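One structure is given below, encoded as structure tokens.
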Amino acid sequence: RKGPAGAGGAGRWSRPRKGGREGSMSGGVAVAREVVTPPMLWCGLWVCRGHAPYETTPSAPPRSALSQSRDRTPLVMLHGLFGSHGNFQTVAKTLRDTVPLPRQVLTVDARNHGSSPHSPVMTYEAMSLDVQQLLNRLGITKCILVGHSMGGKTAMTLALQRPDLVERLISVDIGPTTTAPVSEFSAYIAAMKEVKVPEGLSRSAARQLADNQLQPVVKDIMLCYIMNFPLFHKPYPGPALFLGGSDSPYISPRDYPEIQRLFPKAEIQYIKGAGHIVHQDKFEEFITAVLKFLPQP
Numbered sequence: 001r002k003g004p005a006g007a008g009g010a011g012r013w014s015r016p017r018k019g020g021r022e023g024s025m026s027g028g029v030a031v032a033r034e035v036v037t038p039p040m041l042w043c044g045l046w047v048c049r050g051h052a053p054y055e056t057t058p059s060a061p062p063r064s065a066l067s068q069s070r071d072r073t074p075l076v077m078l079h080g081l082f083g084s085h086g087n088f089q090t091v092a093k094t095l096r097d098t099v100p101l102p103r104q105v106l107t108v109d110a111r112n113h114g115s116s117p118h119s120p121v122m123t124y125e126a127m128s129l130d131v132q133q134l135l136n137r138l139g140i141t142k143c144i145l146v147g148h149s150m151g152g153k154t155a156m157t158l159a160l161q162r163p164d165l166v167e168r169l170i171s172v173d174i175g176p177t178t179t180a181p182v183s184e185f186s187a188y189i190a191a192m193k194e195v196k197v198p199e200g201l202s203r204s205a206a207r208q209l210a211d212n213q214l215q216p217v218v219k220d221i222m223l224c225y226i227m228n229f230p231l232f233h234k235p236y237p238g239p240a241l242f243l244g245g246s247d248s249p250y251i252s253p254r255d256y257p258e259i260q261r262l263f264p265k266a267e268i269q270y271i272k273g274a275g276h277i278v279h280q281d282k283f284e285e286f287i288t289a290v291l292k293f294l295p296q297p
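So in the UniProt record's numbering the end of the sequence shown lands on 297, straight run, no missing numbers.
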């Protein structure tokens, strides 16, 4: 299936048929030497290190973990709905270890996910602000964003709000459009209401029990994230890669006009045989695509 007229050619914008060739990309190879683990997470009035949240103070946190590789733009990796920073840990370590070119790699828990605090506000503007505050607190003036699904929409929102903070952007299997109707989310809401957590359990034990009870529906609902995408008028001027799975519907030809409008320097690539969770389904191909898109040393 070909993209819209004027989309920059089939090699850049076409979606391959199953069994077809992947789209091509250009770019150099650059990776990280350092992964910040456990991550430092900045969410509203809280900072989390691993599983130990504490209220912030006006002073900046220790930066020893970020003292190296300051001459290279760090990668900031944002997970998808129902995930956590751990979803990208293997990817981050692989990017760090692939070649000896120092680059920081940060993996972040979104609000209401992982070790980050809960909040009644769950908008892309709020999640973008969380990341902006994290970057400011760590003294990072520019980054490369890699976001999957919900994290991809957060990354796009940040890039469109604050292009000065984003050197380039990778959105994994999601575009800047509405992705699914609200009705498809009802199964997960119903399952959440049925979760049974006995009194007296520790928070970690209760969370694990709830996760176990929700697991049967989470995999399917991951493909049905329903949040809209904010309306923007001014495009992001930097390079962007939309990296989709050939077996996933979440970056489709109907998204191309909006991608072109908001990200005029975008490339679109599909990894053959991958579904929505591209970095799990085709790990090596995903790593290769990311490395090719990163700037040359």
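Using N, Cα and C, we set each Cβ at its ideal position, and we do this for glycine too.
Source: prediction; values computed, not measured.
So what does residue i bridge to, in DSSP terms?
| i | result |
| --- | --- |
| residue 267 | 241 |
| residue 171 | 147 and 242 |
| residue 76 | 106 and 145 |
| residue 91 | According to DSSP, which records beta bridges pairwise, residue 91 is partnered with nothing at all. |
| residue 166 | 143 |
Quick one: using the 10 Å Cβ neighbour count with 16 as the cut-off for buried, is residue i buried or exposed?
| i | result |
| --- | --- |
| residue 153 | buried |
| residue 385 | Any property of residue 385 remains undetermined from this structure, which presents the chain solely from 1 to 297. |
| residue 261 | exposed |
| residue 290 | buried |
| residue 203 | exposed |
| residue 282 | buried |
| residue 131 | buried |
Among the options, which one has its Cα closest to the Cα of residue i?
| i | options | result |
| --- | --- | --- |
| residue 174 | 89, 295 and 278 | 278 |
| residue 164 | 177, 171, 135 and 148 | 135 |
| residue 270 | 259, 263, 285 and 258 | 285 |
| residue 84 | 147, 72 and 98 | 147 |
| residue 253 | 176, 234, 288 and 86 | 176 |
| residue 113 | 87, 229 and 236 | 87 |
| residue 89 | 280, 120, 296 and 137 | 280 |
Residue i and residue j: beta carbons closer than 8 Å?
| i | j | result |
| --- | --- | --- |
| residue 248 | residue 275 | yes |
| residue 75 | residue 150 | no |
| residue 158 | residue 238 | no |
| residue 108 | residue 129 | no |
| residue 126 | residue 105 | no |
| residue 73 | residue 167 | yes |
| residue 287 | residue 145 | no |
From what residue to what residue does the alpha helix (DSSP H) around residue i run?
| i | result |
| --- | --- |
| residue 288 | 283-293 |
| residue 136 | 124-137 |
| residue 262 | 256-262 |
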